[in-house]
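S.K.:
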Amino acid sequence: MSSFALVGNPNTGKTSLFNTLTTSYEYVGNWAGVTVEKKVGDLKNGGGQLVDLPGIYSLHPLSRDEGVAASYLMDETPSALINIVDASQLERNLALSVQLLEYGRPMMLGLNMMDVAKARGIRVDPEKLQMLLGIPVVPLVARTGKGSSEILGMLPKIPEISPSQIKLDYGIAEAAIEETGKLIASVSGLPDHRWVALQLLAQNPVIVEELASKIDMDAVNRISSNCEAQLRQAGLSSALPEWIRSVRNEFIEQICSAAVDRSSQKPHSLT
Ligand code: GDP
Ligand code: K
Ligand code: MG
1 MSSFALVGNP NTGKTSLFNT LTTSYEYVGN WAGVTVEKKV GDLKNGGGQL
51 VDLPGIYSLH PLSRDEGVAA SYLMDETPSA LINIVDASQL ERNLALSVQL
101 LEYGRPMMLG LNMMDVAKAR GIRVDPEKLQ MLLGIPVVPL VARTGKGSSE
151 ILGMLPKIPE ISPSQIKLDY GIAEAAIEET GKLIASVSGL PDHRWVALQL
201 LAQNPVIVEE LASKIDMDAV NRISSNCEAQ LRQAGLSSAL PEWIRSVRNE
251 FIEQICSAAV DRSSQKPHSL T
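Just so it is clear: in the sequence shown, position 157 is 157 by the UniProt record's numbering, and no numbers are missing.
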C-alpha cells in the first residue's frame, strides 16, 4: 500500500490538511521514545495511508521529539513526502525542504497559508517555485480545505526525483561527501547514500546514533577533519556543518529572489 508523510515546520497547517485528506484516523500511540502522538490515517480516495509527522525546522533535531522525523526518514520508505510550507515565511521553511529534496524520495510541496501571504502583500509564484525545485507545487489554504482535492489527485502521480535534479554543489566538501557515501554503502537498508552522508557530515545526532555501530565513525571524523582543513585553507567557513548550511542557504536565497515578491509587503503588525 502507498504511504505518504506530511513533513514541515510547526504550525504550517499539517494537521489541518491531515484532517481534510483522511477519512478516519487512528492514534497509533506515541512515536518510539517520545511523548509525541503518532497519527496515521486513510486517504479519502483510498489512495493509501497518510502519516502526520511532528513539526520541525530542520532534520537536525534539538530534542528527542524533533528527532522523530529524521528517524522516520532513516527507517521507513515513504511512497512520497508532502512537504507543507508557510507561503508567508517561505525563506525559513525552505531550510527543511532542501534537506527533504536531498532525501531523494518523490516529493511535492504544499504551499499553504496562501491567504495569509496574500493579506500581507507577499506574492509567491507557485509555478516558478515548481520549476526551480523540480517538484509539484500545490497552493493551499488548509484551514478552508482549498487545494486538498488537488493534493489527493497529485499523490499517485508525483514523479521520482532524479539524482542529478537537486544536487547542490558543496564545492570543496564534495570529496568528503563521496568518501563518506562509500563507507555507508556497506550498510543495507539505508536511504539515499548522498543524503545519509550529508546528514552524517552535518553531525545530525539521529543519523550519527543510528550508524555509530554500523560504520567506522573514526573514518568519518578523519574525512571531516581533512575537509575542514581544506575549507580553512580556502578561507571558507571552518566547520563542515556550517559550510553545508551556508551552501543550502545560498540556494534558498536564489529560489526566493526568483519566486517571492515582497515589494508590496505590508509592514508587520503585532495585532
Ligand atoms: P501544524 O502544526 O503544522 O499541524 O499546523 P495546524 O494544522 O495545527 O495549524 C496551525 C494553525 O494554523 C491553526 O490555527 C490552523 O487553523 C491555522 N491554519 C492552517 N492552515 C491555514 C491556512 O491555510 N490559512 C490560515 N489563515 N490559517 C491556517
Ligand atoms: K500546532
Ligand atoms: Mg500538527
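A virtual CB, placed ideally from N, CA and C, is assigned to each residue, including glycine.
Computed from a predicted model, the values in this text were never measured in an experiment.
1. Based on Cα-Cα distance, which residue from 33, 34, 52 and 36 lies nearest to residue 42?
2. Does the beta-carbon distance from residue 9 to residue 82 come in below 8 Å?
3. Using the C-alpha atoms, what's the distance from residue 268 back to residue 129?
4. Use the C-beta contact count for residue 283: other C-beta atoms within 10 angstroms, 16 or more gives buried, fewer gives exposed.
5. Return the CA-CA distance between residue 20 and residue 6, expressed in angstroms with no decimal places.
6. For the ligand ATP, any of its heavy atoms closer than 7 Å to the Cβ of residue 77?
7. Nearest-angstrom Cα distance between residue 40 and residue 229?
8. Count the other CB atoms within 10 Å of the CB of residue 211; is the residue buried (16 or more) or exposed (fewer)?
9. So residue 177 packs on residue 196, CB below 8 Å; how close in whole Å?
10. Any residues whose CB sits closer than 7 Å to a heavy atom of the ligand MG? List them in chain order?
11. Thinking C-beta only, is residue 237 closer than 8 Å to residue 246?
12. Would you kindly work out how many angstroms separate the C-alpha atoms of residue 249 and residue 118, rounded to a whole number?
M.R.: Inspection of the coordinates gives the following:
1. 52
2. no
3. 24 Å
4. A question about residue 283 goes unanswered here, because the residues of the chain that appear run from 1 up to 271.
5. 13 Å
6. For the structure depicted, the ligand ATP is absent and the ligand set comprises only the ligand GDP, the ligand K and the ligand MG.
7. 46 Å
8. buried
9. Rounded, the Cβ-Cβ distance is 10 Å, inconsistent with contact.
10. 14, 15, 52 and 55
11. yes
12. 25 Å
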